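The next block holds one structure in the form of structure tokens; read it before the comments.
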Amino acid sequence: MQRRTFLTLATGLAAPAIHSQAHAQARNDTLLIVSESGPNNLDIHGIGTNVPGYEVSWNCYDRLITHGMKTGPNGTPYYDRDKLVPELAEDMAIGDMSVTFKLRRDATFQDGTPVKAADVKWSLDRAVSVGGFPTFQMKAGSLEKAEQFVVVDDHTVRVDFLRKDRLTIPDLAVIVPCIVNSGLVQKNATQNDPWGLEYTKQNTAGSGAYKVTKWTPGTEVILERNDTWKGGTLPKIRRVIWRMVPSSGNRRALLQRGDADISYDLPAKDFAEMKTAGKLTLVSTPYSNGIQYIGMNVTKPPFDNPKIRQAVAYAIPYDKIMEVVLFGLGRPMFGKTGGPTEVAWPQAHPFNTNLDRARALLAEAGMADGFDTTLSFDLGFADVNEPICILLQESLGKIGIRATLNKIPGSNWRTELNKKVMPLYTNVFSGWLDYPEYFFFWCYHGQNSVFNTMSYKSPAMDGLIDGARMAAANNDVATYDRDVRGFVDLAFTDLPRIPLYQPYVNVAMQPNISGYQYWFHRRLDYRSLAKA
Amino acid sequence: MSAAGLSATRPSSGLTATLQHARHVITENPVTGLAFALFLLLVMTAILGPSLVPYDPLATDSSASLRPPSARHWFGTDQLGRDIFSRVVVATRLDMIIAVTSVAVVFAAGGLAGIAAGYFGGWTDRIVGRLADTIMAFPLFVLAMGIVAALGNTVTNIVIATAVVNFPLYARLARAEANIRRDAGFVMAARLSGNTDLRILLFHIMPNILPIMVVQMSLTMGYAILNAAGLSFIGLGVRPPTPEWGIMVAEGAAGIISGEWWVALFPGLTLMGAVFCFNLLGDGVRDIVDPQRRT
Amino acid sequence: MRVARQIGQRLVTALPSVAGVIVVTFLLTRILPGDTAAYFAGPAATPAAIEEIRARLGLDQPLPVQFLHYVGDLARGDFGASLTTGQPVLADITARLPASAELVLVALVLAVAIAVPLGIVAALKERSMIDHACRVVATAGVSLPVFFTGLLLVYVFYYILGWAPSPLGRLDVFASAPPTASGFFLIDTLLAGDVETFRATLAQLALPAATLAIFALAPIARMTRGAMLSVLGSDFVRTARAAGLSPGTVVMGYAFRNAVLPVITTLGMVFSFLLGASVLVEKVFAWPGIGSYAVEALIASDYAPVQGFVLVMAVLYLLLNLCIDILYGLIDPRVRIDA
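Protein chains in written order, with this note's numbering: chain F, 1 to 532; chain Z, 1001 to 1295; chain A, 2001 to 2339.
See the structure below:
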């Protein structure tokens, strides 16, 4: 790809040959990623770490175990939820109320210090103690107290269970329980900051395949391969440059001109068009355990009436949304015609666009003249949320529901959700642990977590969810299947939220890039990528 | 030599003279003439447009998403299948409202503050001066962003933000003019005949500075629309699905690279045409009102 | 020294404005919709956890108390920390300010190089087609939203023609920055003798500077034309012409020298105006300047950077206006800076 600078053209001078050769060499063993925003913290245990920060954590730190790969629905390598393989631990022995890990003997941190059980305990203690998101995620797998983590000897760690929970062991494979170089970090800790969070914010201190060599917040992250990595096969990419480019048009231009290697947060329209053009490799994979939905606060009239909620479900212009918002890049979660309820999630509901049914339901509920309401959405994802809401607003208008659109800045979205006052809104939720009862526990259970944005409380639902979790912990397949079918059916009858579609993770790459894998966290795993 | 012929050449005065001078200026300078014609077109579109458009500007049509300009859709369609021509025409009303209200507010507030400062001097002058300096010390666009972000993105707040940001300019201009006229004959006469200060400010001084300010006002109209566009680019523009040139340009901007040039180009050209018209109009009005100050 | 005393006086009279800026920014950022406590508490926090963090951050105090804390921190040089970058605000600003300053200065030089001759020619050929054409061109530049112009330039010169380098910021990804002396890459590369990087820097600057320059053409051209017109009609120019001096000497030696004063005042205004417009240009070109820094912070309701940015800008404007007045005084001895 020729790149003549503006001025060399004007002055008629060509760049010296040595410069071009150095450039070419540098290009071939470096991966250039462009995205809209970057990390604000290199450590997932940090306070207020944003999602791009998780990607750094994933690639620069190891965990005890990780997932193996299988072939996904679109032929791409997909993480295998049920297959756990060793990473820092070379052996895992599951007991009745505990699991014991034997660490690799040859594993070292990036500064050369060997990885010991003490490091593992310190790291896991840290994860459950710092509060915020990391502690919350650990709790999701019943990992709550430092006492659960026991050092048996220098290379053996035992994790005691608080209760039987199917999710405990998979929870040890997510990003949060990463193993940190406790010696190095403690040297840089202070009295005010006993876990050394300030140090790990700016420096990676792990044993992972990559380390951050330069970080300019808001501009770029540069990572270099750790050549002594023991957690798997040595990665092919030696250097990763991750640049922040706020304008999506420019990101697309960079990809199409070959000046960038990978991007994955482009608007759906761009992906669809690039797919048709056929010059780049486009991979679309459905979010594991993730759904974009229309939510209604069931404590706010008139949405406390199930008939009204069902009327809304009949009024949504589903096909329009799939076509002009997603350009087909999503898995529809509506309009299921016939067949039994599956033991799976996400799953489609039977509603489809039917304005007559919607009007009839409104009349039955005594609201034949319609009513006024507000439709809120997260401006941080305006690309998708805004057109969905415009289409929905138009459609609701046809049955007499007059909705005003309410744009909420991304920074404020969580707060608004927390307040649980918005009557009608669109949102997306996905869980790292791909189990139906996990999703339902956070989104439909009466414990009313922040993710239960509808304030939905139903004893019947709680019973089914708790039953499913218990059955999973006890390996009771029959009860599990029955309860899962039960709570899915109830969700589609009570309909506090109306699933729209399962979103896709869309990744665009140059044709010479291979090795992309889909992970539950949906971020890039640099370790498997290669550049021809 | 009849009496009729004599009266036909009698020089007229007052309004007729101004109109004759205006006509002379407009016809002499083709660019100014063009600007006036364009302005008239904009006003007509703002008033009559919404009733004459072929499509409902809010009606989506998923089967016609992102169509290039054709006989059916003169300016093509956007991502949701809405007709861009209808949206551009209907947006004229909102943008003209934004432009005119911003200018009216800032003229009233800044003008009044400025002439009070120039007329009374002393503490009034110092306070208005400090206020103007404080506002000028902010990077103006960031101040506008801050105001809209804090108060919410409605048309009212965008107008307020534009007015606040332009306040110092108007206050300064008005102050300078009032200062000159403070001791003029007609003001003294008004004072002697018993007018209160407020009456003098509003009915004697204000009308006299209006011609000078009109030039600045037409520039501010253009600025108001560009400001709204810039705010839309960051997500602080008017609420969807209201059609407004700036937000249409901002939304279509990313489409330039992907080849859907019409989504941004037509609103962009219209916006450019309007701002262009306002800028040139300012020159023309100044030529009519005060030929000595031509630049 | 009288000049020093006058400068001191000017600085003192400007203090109330700076104080006003501090107060207004503080209030404005507290009205911003975001909730810092919720941000720190994380995505899964309960309302109780958020309240606890709010207390820990001191955000539950009454506003006047918070304001006193803020001023106290400022006095110690602590501008707070940014949520989006995770760094101290002062460090972020010092790192990013040279990027914006370099961009705006280069744009200004470019604009002056085009607009001033344009204005002179328009004044000389007053009322001709050239005059009208100059007016139209200059006005056209300022009639488009600046981000639109930027994206258009990227489309034409990078995407289609391939003349400009990729819009990835100040330097190509694989080039390395020169050792920091001034923070201005153009200067630092020359100081280090690195001609390659100098050329690369210039190439990356081309499009964003052009975008800003287009925006600045109109006011500069207009002011030059106006000033030249009034000077060309004055007595001493008429005398010079009558005395038989060549047109070149009359225009450049006499007329222009006297017309340059109002142009310089306009330059000051245009510079501060460009710093505001650069906010959007930086977003388009991924330029790591303070403009994009402030915008991102504002959208994320991250108020410490916004406060820091506005304060730094206010002080900068103050110094800038002072410099212009001094320059004015140097060029025209009849003018004194406290006039």
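The C-beta atom is built at its ideal place from N, Cα and C for all residues, glycine as well.
In this text the structure is predicted, and so the values were computed from the model without any measurement.
Check                                                                                                                       : Outcome
Alpha carbon of F/Pro-302 to alpha carbon of Z/Ala-1254, nearest angstrom                                                   : 39 Å
Straight-line gap, Z/Thr-1242 to F/Val-384 (C-alpha atoms, nearest Å)                                                       : 18 Å
Residues of its chain near F/Ile-399, where Cβ-Cβ distance is below 8 Å and the 5 sequence neighbours each way are ignored  : Ala-311, Ala-315, Leu-355, Ala-358, Arg-359, Leu-362 and Gly-370
Partner residues on chain A for F/Ile-241, Cβ-Cβ distance less than 9 Å                                                     : Val-2173 and Phe-2174
7 Å Cβ shell around A/Ala-2277 - same chain, five flanking residues per side excluded                                       : Val-2146, Leu-2212 and Phe-2215
Segment contact flag, the region 143-157 of chain F with the region 89-101 of chain F, C-beta cutoff 8 Å, min 3 pairs       : yes
Given F/Leu-339 as reference, the closest of F/Tyr-444, F/Gly-38, F/Arg-522 and F/Pro-350 once Cα atoms are compared        : The question names Leu, but residue 339 of chain F in the sequence shown is Gly. When only C-alpha atoms are compared, the closest one is F/Pro-350.
Enclosing alpha helix (DSSP H) for A/His-2069 [first to last residue]                                                       : 2063-2075
Residue burial classification, F/Ser-395 (beta-carbon count within 10 angstroms, cutoff 16)                                 : buried
Presumed contact (8 Å Cβ cut-off) between F/Pro-409 and F/Leu-379, rounded CB distance                                      : 5 Å
Neighbour-count burial assignment, Z/Met-1001, 16 or more Cβ in a 10 Å radius                                               : Legend: pLDDT at Z/Met-1001 = 42, less than 50; position of this residue unreliable, value from coordinates given subsequently. Exposed: under 16 other Cβ atoms inside 10 Å.
For F/Tyr-79, the first and last residue of its enclosing alpha helix (DSSP H)                                              : Where F/Tyr-79 is concerned, there is no enclosing alpha helix (DSSP H), although the beta strand (DSSP E) it sits in stretches over 77-86.
Z/His-1021 - DSSP class collapsed to helix/strand/coil                                                                      : helix
Contact set between Z/Ile-1256 and chain A, taken where Cβ atoms lie within less than 7 Å                                   : Leu-2151, Leu-2152 and Tyr-2155
Chain A contact residues for Z/Phe-1036, given Cβ-Cβ distances below 7 Å                                                    : Those do not exist, as Z/Phe-1036 stays about 15 Å from chain A at its closest Cβ, beyond 7 Å.
Coil, strand or helix - F/Leu-433 by DSSP                                                                                   : coil
Interface residues of the region 110-136 of chain F facing chain Z [CB-CB below 8 Å]                                        : none
Contacts that A/Glu-2296 makes with chain F (C-beta to C-beta distance below 9 Å)                                           : Ser-37, Gly-218 and Pro-246
Chain Z contact residues for F/Ile-65, given Cβ-Cβ distances below 9 Å                                                      : Those within 9 Å of F/Ile-65 in chain Z number zero; the least Cβ separation is about 42 Å.
Range covered by the beta strand (DSSP E) that runs through F/Lys-300                                                       : Unbroken run through F/Lys-300: none, as it is neither H nor E.
Where Z/Tyr-1119 falls, given that 16 or more other Cβ within 10 Å makes a residue buried                                   : buried
Pick from F/Gly-330, F/Met-461 and F/Ile-390 that is closest to F/Leu-428, judged by C-alpha positions                      : In the sequence under discussion, the amino acid at residue 428 of chain F is Val, which differs from the Leu named in the question. Measuring from the Cα of F/Val-428, the nearest candidate turns out to be F/Gly-330.
Backbone CA spacing between F/Glu-36 and F/Ala-365 [nearest angstrom]                                                       : 45 Å
8 Å Cβ shell around F/Ile-237 - same chain, five flanking residues per side excluded                                        : Asp-29, Thr-30, Leu-31, Arg-225, Tyr-526, Leu-529, Ala-530 and Lys-531
Neighbour list for F/Pro-177 in chain A, Cβ cutoff strictly below 7 Å                                                       : Within 7 Å Cβ-Cβ: nothing; F/Pro-177 doesn't reach chain A, min ~16 Å.
Contact under 8 Å by Cβ, F/Ala-209 with F/Asn-41                                                                            : no
Whether F/Leu-495 touches F/Ala-313 by CB criterion (8 Å)                                                                   : yes
For Z/Met-1213, the nearest candidate out of Z/Phe-1075, Z/Leu-1281 and Z/Ser-1258 (CA to CA)                               : Z/Leu-1281
Residues of its chain near A/Val-2021, where Cβ-Cβ distance is below 8 Å and the 5 sequence neighbours each way are ignored : Val-2310, Leu-2311 and Ala-2314
Members of the region 448-462 of chain F that neighbour chain A once the beta carbon cut-off is set at 9 Å                  : Ser-449, Val-450 and Phe-451
Contact set for A/Ile-2324: own chain, Cβ-Cβ below 6 Å, skip 5 residues either direction                                    : Gly-2268
Simplified DSSP state of Z/Leu-1015, which is helix, strand or coil                                                         : helix
Assumed close pair A/Gly-2034, A/Ser-2301 - CB separation to whole angstroms, cut-off 8 Å                                   : 2 Å
Segments assigned alpha helix (DSSP H), at least 4 residues, entirely inside the region 1116-1175 of chain Z                : 1122-1137 and 1140-1151
Per-residue contacts from A/Ser-2292 into chain Z (C-beta, under 9 Å)                                                       : Correct list: empty, because the minimum Cβ distance to chain Z is about 11 Å.
Minimum length 4: unbroken alpha helix (DSSP H) runs contained in the region 125-200 of chain F                             : 132-139, 168-171 and 182-187
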